[in-house]
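To keep things clear, I will list the structure first and then write my remarks on it.
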Amino acid sequence: LLLLTEPPRPVGAVSSAVFETQAGQTRYFRLQALDNAGNLSAFTPVLTALAEADTTLPVLSDIYPDDGYASRYQNVYFTLTAQDNFRIRSFDIESKLRDAASWSLLKTLEKNTDFYSSGMGALQRAYYTWDTQDLSGLYDVRISAEDYSGNVSNSLTASYRLDKTPPAVPAGVSGSAISGGLVITWS
Numbered sequence: 023l024l025l026l027t028e029p030p031r032p033v034g035a036v037s038s039a040v041f042e043t044q045a046g047q048t049r050y051f052r053l054q055a056l057d058n059a060g061n062l063s064a065f066t067p068v069l070t071a072l073a074e075a076d077t078t079l080p081v082l083s084d085i086y087p088d089d090g091y092a093s094r095y096q097n098v099y100f101t102l103t104a105q106d107n108f109r110i111r112s113f114d115i116e117s118k119l120r121d122a123a124s125w126s127l128l129k130t131l132e133k134n135t136d137f138y139s140s141g142m143g144a145l146q147r148a149y150y151t152w153d154t155q156d157l158s159g160l161y162d163v164r165i166s167a168e169d170y171s172g173n174v175s176n177s178l179t180a181s182y183r184l185d186k187t188p189p190a191v192p193a194g195v196s197g198s199a200i201s202g203g204l205v206i207t208w209s
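Okay, so the sequence shown: first residue is 23 according to the working numbering, each after it adds one.
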């Protein structure tokens, strides 16, 4: 398959190929077949195609850990799952203290830097480690996904309790002997 503005691109033994193309852009191409012996056919006549606008929103389907997760550990390990009719370009992860008015961007996960894009239309997973060492309290996390056309999914939100404070030492501890054992009590 040859796009006339790009070098030739072998596509293998298939009957179609998809190119990432901006909406409204006309592409010119021609095809040539190659058999197992290495023989090439003549080129087809030059064909044109006009890319349509992608208006389909990605669908963010899962955020892990689930809503209600509580942790005393330094890190929270996220798994994000989304799907698009084409491909996911990025995920935005935002957080805020439960009572805060505004969200803060934790991280934008970018394709080919933070995750590798799945096939067209396939489920896309991305992973992120949130360092919560200095955080304590109730936090809301909001996730969204964006595709190559700038369509942004509806957000998923989860609430997490980050708690690094140990409980108080038990008070009023006492022990007494009973027949065949001990009774330990505390308040």
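Beta carbons are placed, not taken as given, at the ideal position from N, Cα and C, and that holds for glycine.
All of these numbers come straight from a predicted model, not from anything done at the bench.
What residue does the beta strand (DSSP E) around D84 start on, and which one ends it? Taking the sequence shown and counting its residues from 1, one reaches residue 84 at position 62. Here the beta strand (DSSP E) through D84 covers V81 to Y86.
Relative to the alpha-carbon of A122, which residue among G159, K133, D89 and D106 has its alpha-carbon at the smallest distance? Numbered from 1 along the sequence shown, position 100 holds the residue referred to as residue 122. Restricting attention to G159, K133, D89 and D106, the CA atom closest to the CA of A122 is found in G159.
Name the two residues that bound the continuous beta strand (DSSP E) containing R111. Along the sequence shown, read from residue 1 onward, the residue named residue 111 stands at position 89. R111 -> beta strand (DSSP E) spans I110 to L119.
State the beta-bridge partners of W208 as determined by DSSP. Position 186 of the sequence shown, counted from the first residue, corresponds to residue 208. Answer is none; W208 lacks a bridge partner.
Going by CA-CA distance only, name the one from S38, K129, S201 and A180 that's closest to R120. Along the sequence shown, read from residue 1 onward, the residue named residue 120 stands at position 98. Answer by Cα proximity: A180.
Who pairs with K186 in a beta bridge, going by DSSP? Here residue 186 refers to the residue found at position 164 of the sequence shown. Partner(s): none; K186 has no beta bridge.
For A92, which beta-bridge partners are listed by DSSP? In the sequence shown, the residue the question calls residue 92 occupies position 70. In DSSP, A92 forms a bridge with R183.
Cutting at 8 angstroms between CB atoms, please list the residues of its own chain near D88, excluding the five before and the five after it. Locating residue 88 in the sequence shown gives position 66, counting from the first residue. These residues qualify, in order along the chain: A180.
In three-state terms, what does DSSP make of Q105? To locate residue 105, count along the sequence shown from 1; it is residue 83. Strand at Q105.
Taking all protein chains shown into account, decide if I115 is buried (16 or more other Cβ within 10 angstroms of its Cβ) or exposed. Start at 1 with the first residue of the sequence shown, and residue 115 comes out as number 93. Under this definition I115 is a buried residue.
For S38 and Q44, I'd like the C-alpha separation in whole angstroms. Stepping through the sequence shown from its first residue, residue 38 is reached at position 16. Stepping through the sequence shown from its first residue, residue 44 is reached at position 22. Their Cα atoms are separated by approximately 19 angstroms.
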